[in-house]
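Notes follow the structure.
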Amino acid sequence: MAVMDRRIGILFIVFVSLLGLALARAAYLGSVQAGSLERAAATQQVSNIVVPAPRGQITDRDGAELAISESADDIVADPYLIKNPVSASAELSSQLGTPQLTVLKLLTKPHTGFVYLAHLLPAAQATAISNLRIAGITLVPQARRVYPRGDEAAQVVGSVHLDGDGAGGIEFQYDKALEGTNGVRRIVSDARGQPISIDDLRPTVPGKTVALTIDSGLQQEVERVLAEVGAEYSPHGATAIAVDPSTGAVLALANWPASANGSAAAAQDQAIGLNYEPGSTFKAITVAGALQDGLVTPNTQFDIPPVLQFADRQIHDAEDHGYETLNVANILKVSSNIGADLIGMRLGAKRFDYWVRRFGFGQPTGVDLPGEQSGIVLHWWNYSGSSMANLPFGQGESVTPMQMVAAYSAIANGGTLRAPHVVQSVGGKATPIPPGRQIISPATASELRDMLRGVFADGGTASGAQIDGYDMAGKTGTANIAVDGHYSDSAYVASFIGMVPTDHPRLVVAVVVNQPHGSIFGGSVAAPAFQQIVGWAVPYLGIPPR
Amino acid sequence: MPRVVAAGAGGVLAAAVALPLPVPRRLRPVPRRESAPKSTTGFFPRIGAFVVALPDHPWLDRVVRGRVWIPLLGVLLAGIVAAQVEILKLGANMGSSLEQTTTLTTQNEQLRYNVASLSNDQRIERLATSMGMVLPPPGSVGYLVASQRADVTRALGNIHAPDTTAFMALAPGNGALVTGAGTSMLPTTPGVLAQAGTPGSATPTSTPSPTTTVASPGPAASGGVGTTTSSTTGTTTGSTTGAPTGSTTATPTDTTSTPQTTDQQPPTDPQTSTTAQSATTTPQSTTGTQSGSQAPATGAAPIQPAGGTQQSSGG
């Protein structure tokens, strides 16, 4: 029994000794070494990572995705930690698609512990690199922007910078709504690097979806038609806009060339960025003002001389003719410059200027796209003696295609000028339709549409653009481009703006072709494009024939 | 007896007569009041009593004095270790779950990208064209007007899922237009199929009105001088030569209001037929644009520029 007690005593002493040693060690680590160990643990086992918020989608009116975000990674190397740069560069170069020498140069960059090897690498590639398990290679999670439908509506959708911020178009205009809020996640790992605790310190808030009024099907058709115009006439640029005139919703907005070639011209949204002299499409504005002021009616007759002497200018029509009499409807039908001037004279400079501004020219339309130009419109007190010789038929003022579409939409919807808009909803919440203001009476708008119907009739400047079964109204425009203070004889802007059906238009389409080659006329360059677009759109949108 | 208290320094005696201390009274022992007998029927009192009595419990005495506590302690320690291991395993699972979440999110994004790409309208249109389908010309699409006495129940009863088999059976003949109830415009041969998308192809025979729609998206859409087609209406005149005098005397009729329909006549003119077949090889045949030797569908000659006149911006 004494032996047993002694052994138990020994064991007790051993246990107590070991326990004492453990306590002493714990006290040492917990007091003397506490600071350094805490720092080491914070850097080695606790990491706060930023969880990038997925940028909101941009969709068309039916939810077709035009821009989405997907996971990607930046690949970062710490040259201090790369043990074998040669073999590492060999493995990485095949995954990165970069020459090995380039990777090796980065991996051996002196005096730095941080080198980017790649930006926004797709997740699959990044995972492959992660699986290489090369010490000193880190993946920084990011999100990259992809456009599943390529260049469709490229200038409307816009683009993002490398850091994910909007750079243009809707991406820029609605950047705040799209970007969301990045989250912060705290991960505590054990000594082997296995996470043992994950806390979302700040939750990730995804960006909101921005739904456009753009109709993807119509948009693609408009782009296809513009591409044909581009191929046939090799213009400097071209743009087309399709709008629902009752709401101002932009159903399609296309530019040629598209942004694929990366040229500066392609990057510009010509629909809102092109200042051009509208030419004869502007005659409708002159006539609208005169109609609304009660100065003319559709049947008011004008004696049209072959040449109109106005101050120091001689005004010709595009087609030579003798003395003739045309009523207002026919002036629009055959697009008489002299006739438009005579109507403008009845208005006078002050009232003409009033109506130009009443239709929204000289200021941005307010469309929800960045970078909209306001055009150049002189005030009436700045007119020269001969200004009224060319302003009434669309020379001497600069407008944007979007302004023209807004003005013609007002004619189409009964006289309400409303800002066009391209965003239908943000985060599922419908954006309000911009309020409109009545600028001409419904009766005047109706009379004007009736007259513009004649442009498609036999003898009209766009008779070839008629679509059987459909009643359409519109106006051609062929405008010289001013070069060095003089109108060029070789550079023109061909345009056409029309609506369908005439009585209750549901679609307004404008086609503007800047400096076409081969043919220059709105009736032969832009009107056929209008015809193709509308011909495709009417069954697509369910617009019945008359 | 009074006590003298010496105070202060300097040897000054300040004698004072102190009051006699009170003689402590011997307190009589207060008999402890017997507390009221506590109820032993309550739960907590019984628990308390058990805890108080535990150190003297014979079972504990036996465990401490015996060897049972060794395996008991071992089991407890093993349990603690096992719990730690489980925590580690949970952590590891958390990490793998996180990784899996990331992978699935990435796959989801990729799939969404694929869906967006595959639902591209132009792609679907190309596929449809390759299957022989064409877009009808704008004027040939009929629209039904709902009757005031419409029977909603009956209409709902007529809605059914598309029959894939029936559709595929029609596939070889797709490309023509089916108009009206029970009246098919399906051609009998693939060559005739192209008739639907033939620019400038005219049906050589006239069909008296009332008629139905005929799919011909070519120049019928343009209606320009020199183009003649039998697009939306009954009587058609003119030729396919693109002569500038030819014009369509088409009188658009409401296809929905015409109860009778007439099948399209197969082309008998070899030239027309050839034109039709060649036209199907051009993508424009589905969009109504001009092709071949037809005159441009610009209609009336556009206004020519006045030579040297700067103010000639007529449309």
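Heads up: the sequence lines are chains Y and L, in that order. For reference, each letter of the first sequence is one residue, going 1 to 546 in our numbering. For reference, each letter of the second sequence is one residue, going 1001 to 1315 in our numbering. C-beta: ideal position from N, C-alpha, C; glycine also.
For Y/GLY325 and Y/THR300, what's the separation of their Cα atoms in angstroms?
Looking at the sequence itself, residue 325 of chain Y is Thr, so the reference to Gly does not match. One C-alpha to the other measures close to 10 angstroms.
Please state the DSSP three-state secondary structure of Y/THR112.
Of the three classes helix, strand and coil, the one that applies to Y/THR112 here is coil, per DSSP.
What in chain L is Cβ-close to Y/ASP190, meaning under 9 angstroms?
Annotation: Cβ neighbours of Y/ASP190 in chain L (cutoff 9 angstroms, chain order): LEU1088, GLY1091 and ALA1092.
Ordered along the chain, which non-local residues of its own chain (more than five positions away) have a Cβ less than 8 angstroms from that of Y/GLY248?
The residues are ALA406, SER409, ARG418, ALA419, PRO420, HIS421, ILE433, PRO434 and GLY436.
Would you report the Cα separation of Y/LEU347 and L/ALA1116, rounded to the nearest angstrom?
For the pair Y/LEU347 and L/ALA1116, the Cα-to-Cα distance works out to about 53 angstroms.
Note down, in chain order, every chain Y residue with its Cβ under 9 angstroms from the Cβ of L/ARG1316.
Any question about residue 1316 of chain L goes unanswered here, given that chain L covers just 1001 to 1315.
From Y/PRO306 to Y/GLY339, what distance separates their C-alpha atoms?
Each residue's Cα considered, the two are about 11 angstroms apart.
In the region 164 to 191 of chain Y, which residue ranges form an unbroken alpha helix (DSSP H) of at least 4 residues, counting only runs that do not cross its ends?
Entirely contained in the region 164 to 191 of chain Y, the alpha helix (DSSP H) runs reaching 4 residues are, in chain order, 169 to 173 and 175 to 179.
Which residues in chain Y sit within 7 angstroms of L/ASP1121, going by Cβ to Cβ distance?
At a beta-carbon threshold of 7 angstroms, the residues of chain Y lying near L/ASP1121 are SER216, GLY217 and GLN220, ordered along the chain.
Do Y/TYR276 and Y/ALA510 count as a contact pair if the criterion is CB distance below 8 angstroms?
No, the pair does not count as a contact, with Cβ atoms beyond the cut-off.
Return the chain-ordered list of same chain residues with a C-beta closer than 7 angstroms to the C-beta of Y/PRO52, the five sequence neighbours on each side being excluded.
Excluding residues within five positions, the ones whose Cβ falls inside 7 angstroms are PRO141, GLN142, ALA143 and ASN182.
Start-to-end residues for the beta strand (DSSP E) that takes in Y/VAL210:
Annotation: the continuous beta strand (DSSP E) that includes Y/VAL210 extends over 210 to 212.
Any C-beta of chain L under 8 angstroms from that of Y/VAL50:
Taking Cβ atoms only, chain L never reaches closer than 8 angstroms to Y/VAL50, which makes this a no.
Pick from Y/ALA462, Y/PRO278, Y/LYS109 and Y/LEU96 that is closest to Y/ALA128, judged by C-alpha positions:
Ranking Y/ALA462, Y/PRO278, Y/LYS109 and Y/LEU96 by Cα distance to Y/ALA128 puts Y/LEU96 first.
Starting from the beta carbon of Y/PRO539, find every residue of chain L whose beta carbon is closer than 7 angstroms, and list them in chain order.
Chain L residues near Y/PRO539: PRO1136, PRO1138 and VAL1141.
Within the same chain, show all residues whose beta-carbon is closer than 8 angstroms to that of Y/ALA318, passing over the 5 residues directly before and after it, in chain order.
Shown here for Y/ALA318: same chain residues with a beta carbon closer than 8 angstroms to its own, the five before and five after excluded, namely SER335, ASN337 and THR478 in chain order.
Given a cut-off of 8 angstroms, decide if Y/THR281 and Y/GLY344 are closer than it, judged by their beta-carbon atoms.
8 angstroms or more divides the Cβ of Y/GLY344 from the Cβ of Y/THR281.
Is it right to say Y/PHE114 is buried, meaning 16 or more other beta carbons lie within 10 angstroms of its own, or is it exposed?
Counting Cβ neighbours within 10 Å, Y/PHE114 comes out exposed, since fewer than 16 surround it.
Once DSSP output is grouped into helix, strand and coil, what is the label at Y/TYR28?
DSSP places Y/TYR28 in helix when its eight states are reduced to three.
How about L/ALA1053: is its C-beta nearer than 8 angstroms to some C-beta of chain Y?
With its beta carbon at least 8 angstroms from every one in chain Y, L/ALA1053 lies outside the interface.
What does the alpha-carbon distance come out to for the pair Y/THR209 and L/TYR1113?
Looking at the two C-alpha atoms, the distance is approximately 15 angstroms.
State the Cα-Cα distance for the pair Y/ASP199 and Y/ASP215, rounded to the nearest angstrom.
Taking the CA atoms as reference points, Y/ASP199 sits about 42 angstroms from Y/ASP215.
Flag this pair as yes or no: are the beta carbons of Y/LYS333 and Y/GLY460 separated by less than 8 angstroms?
Yes. Within cutoff.
Buried or exposed (CB count within 10 angstroms, at least 16 for buried), Y/TYR233:
Result: buried.
Inter-stretch contact at 8 angstroms, needing at least 3 Cβ pairs: the region 510 to 519 of chain Y / the region 494 to 501 of chain Y:
Contact between the region 510 to 519 of chain Y and the region 494 to 501 of chain Y is present, because at least three Cβ pairs lie under 8 angstroms.
Contact with chain Y by L/LEU1077, beta-carbon distance below 8 angstroms
Not a single CB atom of chain Y sits nearer than 8 angstroms to the CB of L/LEU1077.
Between the region 173 to 190 of chain Y and the region 46 to 63 of chain Y, do three or more beta carbon pairs fall short of 8 angstroms?
The answer is yes - the region 46 to 63 of chain Y touches the region 173 to 190 of chain Y, with three or more Cβ pairs under 8 angstroms.
Under 8 angstroms (Cβ pairs) to chain L, residues found in the region 341 to 364 of chain Y
So the list is empty, because no residue satisfies the distance condition.
List, in chain order, every chain Y residue whose beta-carbon is nearer than 8 angstroms to that of L/LEU1098.
Near L/LEU1098 (Cβ distances below 8 angstroms), the residues of chain Y are PRO195 and ILE198.
So what does DSSP say about Y/LEU274, is it helix, strand or coil?
Coil.
How is L/PHE1044 classed by DSSP in three states: helix, strand or coil?
In the displayed model, L/PHE1044 falls within a helix according to three-state DSSP.
Any beta-carbon of chain Y closer than 8 angstroms to the one on L/GLY1095?
Residue contact check for L/GLY1095 against chain Y: a CB pair falls below 8 angstroms.
For a test of the three-state rule: what should DSSP assign to Y/ALA462, helix, strand or coil?
The answer is coil: DSSP assigns Y/ALA462 none of H, G, I, E or B.
Flag L/THR1101 as yes if its beta-carbon sits less than 8 angstroms from any beta-carbon of chain Y, otherwise no.
Chain Y places no beta carbon closer than 8 angstroms to that of L/THR1101, leaving this residue out of the contacts.
Outcome for Y/ALA252 when other beta-carbon atoms lying within 10 angstroms are tallied against a minimum of 16:
Around the beta carbon of Y/ALA252, a 10 Å sphere encloses 16 or more other beta carbons of the protein chains shown; the residue is thus reported as buried.
Pairing CB atoms from the region 1087 to 1099 of chain L with CB atoms from the region 117 to 137 of chain Y, are three or more of them under 8 angstroms?
No: the two stretches stay apart, fewer than three of their Cβ pairs being nearer than 8 angstroms.
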